[in-house]
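S.K.:
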Amino acid sequence: MDEPTVEEPLLAVRRGGDGEDGAMASTAAEVKRLLRLAGPLMAGFVLRNSVQMVSVMFVGHLGELQLAGSSLAASLANVTGFSFLFGMSSALDTLCGQAYGAGQHRLLGVYAQRAMLVLAAAAVPIALVWASAGEILLLFGQDPAIAAEAGAYARWMIPSLAAYVPLACALRFLQAQGIVVPVMASSGVAAVAHVAVCWALVHKAGMGSKGAALSGAVTYWTNFAVLAFYARLSGACKATWTGFSMDAFRELRRFTELAVPSAMMVCLEWSSFEILVLLSGILPNPQLETAVLSISLSTASLLIMVPRGIGSSLSTRVSNELGGGHPRAARMAARVATAMTVLVCLVLVIAMILLRNVWGYTYSSEEEVVAYIASMLPILAVSFFVDGINGALSGVLTGCGKQKIGAHVNLGAFYLVGIPTAVLLAFVLHLNGEGLWLGIVCGSISYHGKRKGLQFKSSNSMKNSRNVGVVFSNEDVFNVIGAMCAATWKSERRTRQGPTPYAHRGDKSMLKRLIHGFYAAAIVRLPVDEMPALLPAILDSNLYFGPLDPISNIVTNVVSRLPPAANVMASAVAESPCGVLDQLLPLHAHPRGVALPARHRGGSCHRPPHRGRLLHAHIRRRLGHYQDHPPLHYGGPRATPTWTALPWPCLHHCRNSG
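Numbering-wise, my numbering puts 662 at position 655 of the sequence shown, and it's gapless, one number per residue.
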């Protein structure tokens with residue numbers, strides 16, 4: 008199957024068509040939806056990000072060397088660990104979000120388990136890097152005393168990885184379902200607990216900076232435990248978490264192919280800021296420069312969580328709407344979220360400038376550090392404003408599954424523009440730490456221009472979204488099959504003209520051709536490892552053909568391609584294909600089918616005069632050439648037919664009741 012694009016959601020839609028025939032949400036309603044998601048997400052982001060910030064604050068009061076070492080270690084941990092795992096978990100925003108929008112609820116639990124496996128494997132080399140952090144920092148020319156302090160701090164942070172992996176996946180899993188208030192509450196409980204744990208380990212136990220590093224693991228496990236108990240006891244995830252599944256071990260490569268670009272999209276941006284801290288270590292007066300740049304980065308990381316909360320809510324909205332087949336609603340969400348982000352960032356920028364002279368005291372009691380931070384905050388405010396808008400725009404790409412493009416944009420903006428400009432201003436023009444941050448501001452502005460143009464194109468592309476997916480839901484099968492059947496019918500009509508009913512033999516021949524088209528369409532669109540989705544989709548479709556030979560032969564061929572997990576179904580079909588099909592395809596009227604007028608429910612089987620008026624709008628658009636075709640009738644000219652509504656216009660099935 009081709010790589011999914013903005014125009015092609017990763018999952019099939021639960022409702023047929025492209026969703027544009029439904030009423031679009033008003034701007035006011037969209038604002039309410041985003042605020043319901045963004046408010047708790049903002050608070051949750053801030054609370055979780057405060058974990059490392061609080062640890063650095065505790066260490067900062069132990070001394071300038073400890074502050075520089077812990078800040079450098081935290082920066083290295085963000086670059087090589089937390090940002091990478093956080094970025095990989097953002098693949099769940101796309102997969103779980105679109106799965107939830109498409110009604111494929113069971114897949115959310117499978118995706119979450121799959122993400123835990125992939126992230127756990129990625130955490131192993133990260134732990135090895137942290138274990139050698141001191142030596143790595145020395146290779147980059149860091150001060151030996153600072154490198155030794157940072158290396159010890161990083162080694163005591165390794166237990167945090169084991170807790171961060173399930174926590175990151177659980178957060179994305181719940182967010183995709185719109186369960187955000189419990190996420191915020193659990194983050195609040197963990198943040199309060201972290202202050203107590205950090206104080207106990209740093210001062211009461213006398214562990215110093217090592218205790219601050221270890222406290223993060225305790226906090227992350229606390230956060231995850233609260234979420235797990237909520238999901239277990241509340242029943243909110245009953246449909247999406249059905250227990251551990253062996254399906255989680257399948258398609259790990261496909262998940263990784265989306266997770267790695269997601270991680271690079273985040274890491275390339277985060278690491279560009281962390282590189283500033285590393286570069287500050289080789290400036291004159293490295294302890295002061297490193298401490299101030301680290302504090303500036305911690306401040307920016309804390310505040311950026313507010314617009315990132317809007318970006319995360321936008322990602323959820325876009326993925327849910329695309330998965331549900333509503334591209335225009337996704338487009339409106341993108342516009343509203345961007346406007347909200349601009350307003351929020353303006354308020355925070357004003358607050359940063361007003362508090363610039365006192366903010367430094369929250370990190371250090373030394374006047375030199377406080378004064379330096381006050382001079383940095385206006386530059387930081389400009390950077391925050393641009394980065395905040397960029398964070399919201401990135402939600403569009405994440406919701407559409409276009410993280411690879413976002414990674415390319417980040418690479419060009421920050422590493423071809425931002426970092427070279429920062430080096431030029433800091434080391435050639437001797438602007439020191441202020442020059443480093445000004446350089447990254449230039450990269451952010453370049454990033455904003457590229458991302459804004461891409462977001463505009465993506466937004467317009469979503470307007471004409473096509474719904475072709477990896478996993479079939481019921482009505483998507485109908486859309487694919489309907490197109491194949493319509494083509495078959497159109498071909499047959501070239502040799503069969505006129506409004507008169509078909510003869511019995513001709514009708515049965517036509518029906519066989521349509522059945523072949525039905526299953527051929529499904530087989531062509533499904534990869535082998537997705538074949539188990541075919542029969543359950545037909546089972547839920549309430550479609551009936553009867554025990555005709557073409558079905559027996561084709562379904563037998565289908566199940567022969569199923570993986571071992573479907574052997575039971577394959578054996579049943581092999582023994583009695585028609586009997587199994589009679590169970591799979593019961594005769595019921597489909598609720599979204601096509602109903603005929605009362606005068607056409609019996610007696611005459613001539614072409615009804617309603618033409619396309621009674622067909623659903625989404626079927627008219629996709630199969631517009633097929634609006635006036637006559638129904639099939641294979642019961643003989645004197646039979647009294649019973650009409651059954653079917654979910655596409657090519658088969659008005661008529662069953663012989665006499």
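Even glycine gets a Cβ: it sits at the ideal position worked out from N, Cα and C.
Fair warning: this is a prediction, and the values are worked out from it, not measured in the lab.
1. Count the C-beta pairs between the stretch 116-128 and the stretch 332-349 that are closer than 8 Å, then say yes if the count reaches three, no if not.
2. Given this structure, state the Cα-to-Cα distance separating Tyr422 from Leu283, to the nearest angstrom.
3. Three-state secondary structure (DSSP) at Glu373?
4. Please list the terminal residues of the continuous alpha helix (DSSP H) segment that includes Gly104.
5. Take every Cβ of the stretch 359-372, pair it with every Cβ of the stretch 264-281, and state whether three or more of those distances are shorter than 8 Å.
6. Put Lys409 into one of helix, strand or coil per three-state DSSP.
7. Nearest-angstrom Cα distance between Trp228 and Leu321?
8. Going by the beta-carbon positions, is the gap between Ala224 and Ala157 smaller than 9 Å?
9. Applying the 10 Å Cβ sphere with the 16-neighbour rule, what's the burial state of Glu276?
10. Which of the three DSSP states, helix, strand or coil, is assigned to Arg363?
11. In three-state terms, what does DSSP make of Ala291?
12. Taking the continuous alpha helix (DSSP H) assigned at Trp228, which residues delimit it?
13. Go ahead and label Ser319 buried or exposed: buried means 16 or more other beta carbons lie within 10 angstroms of its beta carbon, across all protein chains shown.
14. State yes or no: is the C-beta of Val448 within less than 9 Å of the C-beta of Val393?
15. So Leu418 and Leu286 are in contact, right, with Cβ under 8 Å, and what is the actual spacing, rounded?
16. So that I know if they touch, is there some Cβ in chain C lying closer than 9 Å to that of Leu259?
17. Tell me the DSSP secondary structure of Arg315 in three-state form.
18. Does the Cβ of Glu142 have 16 or more other Cβ atoms within 10 Å, making it buried, or fewer, making it exposed?
19. Do you know offhand how far Arg324's Cα is from Pro151's?
20. Whole angstroms is fine: what's the gap from Phe236's alpha carbon to Ser193's?
21. Taking one C-beta from the stretch 258-276 and one from the stretch 34-44 each time, how about it: are there three or more such pairs within less than 8 Å?
22. What did DSSP end up calling Phe485 once you bin it into helix, strand or coil?
23. Please go through the same chain and pick out, in chain order, the residues whose beta-carbon is closer than 8 Å to the beta-carbon of Arg512, but skip the five residues on each side of it.
24. Thinking C-beta only, is Ile302 closer than 9 Å to Met57?
25. To the nearest angstrom, how far is it from the Cα of Val209 to the Cα of Val199?
26. Can you grab the Cα-Cα spacing for the pair Asn481 / Ser62, in whole Å?
27. Can you give me the C-alpha to C-alpha distance between Ala388 and Met64, rounded to a whole angstrom?
28. Could you tell me the alpha carbon to alpha carbon distance between Gly46 and Asp100, rounded to whole angstroms?
29. When burial is assigned at 16 or more other CB atoms within 10 Å of the CB, is Pro173 buried or exposed?
30. Below 8 Å on the Cβ atoms is my contact criterion, and I expect Gly398 with Pro314 to pass it. Report the Cβ-Cβ distance as a whole number of Å.
31. With DSSP run on the structure shown, which of helix, strand or coil describes Ile380?
32. With a cut-off of 8 Å, do at least 3 Cβ pairs link the stretch 250-263 to the stretch 400-411?
33. Under three-state DSSP, which class holds Thr249?
34. Starting from the C-beta of Ala243, find all residues in its chain whose C-beta is less than 7 Å away, skip the five residues before and the five after it, and write them out in chain order.
35. Are Ser2 and Ala122 close, meaning C-beta to C-beta below 9 Å?
36. Please check the pair Gly288 and Ile153, which I expect to be a contact at CB under 8 Å, by giving their CB distance rounded to whole angstroms.
M.R.: Reading off the structure:
1. no
2. 12 Å
3. coil
4. Ala98 to Gly108
5. no
6. coil
7. 28 Å
8. no
9. buried
10. coil
11. Checking the displayed sequence, the identity of residue 291 turns out to be Pro instead of Ala. Three-state result, Pro291: coil.
12. Ser216 to Ser241
13. buried
14. yes
15. At roughly 19 Å, the Cβ-Cβ gap does not stay under 8 Å, so Leu418 and Leu286 are not in contact.
16. Of the protein chains in this structure there is only one, and it is not chain C.
17. helix
18. exposed
19. 48 Å
20. 10 Å
21. no
22. Confidence at Phe485 is low in this model, with a pLDDT of 39, below 50, so its placement is unreliable and the value that follows should be read with caution. The answer is helix: DSSP assigns Phe485 an H, G or I state.
23. Legend: pLDDT at Arg512 = 39, less than 50; position of this residue unreliable, value from coordinates given subsequently. Closer than 8 Å at the Cβ level, and outside the excluded window around Arg512, lies no residue.
24. Going by the sequence as given, residue 57 is Ser instead of Met. No, the pair does not count as a contact, with Cβ atoms beyond the cut-off.
25. 16 Å
26. With a pLDDT of only 34 at Asn481, under 50, the local geometry of the prediction cannot be trusted, and the value read off the model is given with reservation. In a straight line, the C-alpha of Asn481 is about 51 Å away from that of Ser62.
27. 21 Å
28. 18 Å
29. buried
30. 5 Å
31. helix
32. no
33. coil
34. Ile186
35. A query on residue 2 cannot be resolved here, the shown segment of the chain reaching from 8 to 665 and no further.
36. 7 Å
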